[in-house]
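The next block holds one structure in the form of structure tokens; read it before the comments.
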Amino acid sequence: MPPGERPHGGFPRVAQNVGPAVVRIAVLNGPNLNLLGEREPEVYGRATLAEIEAATLAGARALGVECSWTQTNHEGGLVDAIQGLRGRADGALINAAAFTHTSLAVRDALLAVRVPFVEVHLSNIFAREAERHRSMLADLAIGVVMGFGAESYRLGLEGLVAHLRSRHAR
Ligand code: DQA
Numbered sequence: 043m044p045p046g047e048r049p050h051g052g053f054p055r056v057a058q059n060v061g062p063a064v065v066r067i068a069v070l071n072g073p074n075l076n077l078l079g080e081r082e083p084e085v086y087g088r089a090t091l092a093e094i095e096a097a098t099l100a101g102a103r104a105l106g107v108e109c110s111w112t113q114t115n116h117e118g119g120l121v122d123a124i125q126g127l128r129g130r131a132d133g134a135l136i137n138a139a140a141f142t143h144t145s146l147a148v149r150d151a152l153l154a155v156r157v158p159f160v161e162v163h164l165s166n167i168f169a170r171e172a173e174r175h176r177s178m179l180a181d182l183a184i185g186v187v188m189g190f191g192a193e194s195y196r197l198g199l200e201g202l203v204a205h206l207r208s209r210h211a212r
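Under this note's numbering, the first residue of the sequence shown carries the number 43, and numbering increases by one thereafter.
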């Protein structure tokens with residue numbers, strides 16, 4: 043596989059916005075989210091990432107959109123996944139986890155790729171330590187959903203799909 047080609051699965055490369063019915067959403071998850079369920083349940087809840095994935099994919103089916111799902115613990119892996127969205131996703135739901143607060147590389151990838159995205163967090167980052175109050179990504183996002191636990195993903199997906207559909211209808 044050539045470098046940069048489908049590093050994390052996802053959709054086959056086709057032109058963006060080929061028809062009003064085709065909406066492809068990619069969900070990207072950053073470091074330590076693979077430990078959800080056992081990791082600080084008082085902050086993040088008891089749902090595992092696999093359970094959140096299943097609920098999000100079911101939500102996507104109900105909305106009539108295609109959805110891919112990725113998790114990586116590595117900054118470069120997240121950058122590769124964002125670069126891989128070009129031509130393959132109409133929009134993304136991104137929980138960059140700790141990289142939200144630190145990663146200029148993730149921000150640069152989003153600036154380069156320009157895929158519309160919604161930033162999601164399980165916890166309310168503004169109700170936590172000061173280091174978490176800054177997001178390197180939020181000003182690039184369509185919107186940010188946080189503080190609703192696993193429900194943040196469902197709410198973010200609904201908002202993203204509504205945004206993409208209204209944009210398409212114009
Ligand atoms: C998180 C919030 C981040 O501050 C933290 O580093 C995470 C998870 C959330 O979903 O609440 O790993 O993105």
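We put the CB at the ideal spot given by N, CA and C, even for glycine.
Starting from the C-beta of F141, find all residues in its chain whose C-beta is less than 7 Å away, skip the five residues before and the five after it, and write them out in chain order. What you label residue 141 is simply residue 99 of the sequence shown in a count that begins at 1. G72, P73, E117, L120, V148, listed in sequence order.
Return the Cβ separation of L70 and I136 in integer angstroms, given the expectation that the two are a contact with Cβ distance under 8 Å. Taking the sequence shown and counting its residues from 1, the one referred to as residue 70 is at position 28. Taking the sequence shown and counting its residues from 1, the one referred to as residue 136 is at position 94. Rounded, the Cβ-Cβ distance is 5 Å, consistent with contact.
So does the segment 99-116 actually touch the segment 144-162, counting three or more Cβ pairs closer than 8 Å? Contact fails: fewer than three Cβ-Cβ distances are below 8 Å.
Taking the alpha helix (DSSP H) that I94 falls in, what are its first and last residues? Translated into positions along the sequence shown, residue 94 becomes position 52. That run of the alpha helix (DSSP H) goes 91-105.
Quick one, which of R130, R176, N166 has its alpha-carbon nearest S145's? Here residue 145 refers to the residue found at position 103 when the sequence shown is read from its first residue. Closest option to S145, Cα to Cα, is R176.
Quick check on the DSSP output: the beta strand (DSSP E) that includes A134 runs from which residue to which? Residue numbering aside, residue 134 sits at position 92 when the sequence shown is read from its first letter. That run of the beta strand (DSSP E) goes 133-137.
From N166 to A172, what does the alpha carbon distance come to, in whole angstroms? Residue numbering aside, residue 166 sits at position 124 when the sequence shown is read from its first letter. Residue numbering aside, residue 172 sits at position 130 when the sequence shown is read from its first letter. If you draw a straight line from the Cα of N166 to the Cα of A172, it comes to about 12 Å.
For G118, which of helix, strand or coil comes out of DSSP? Residue mapping note: residue 118 aligns to position 76 of the sequence shown, counting from 1. Residue state for G118 is assigned as helix, using DSSP reduced to three classes.
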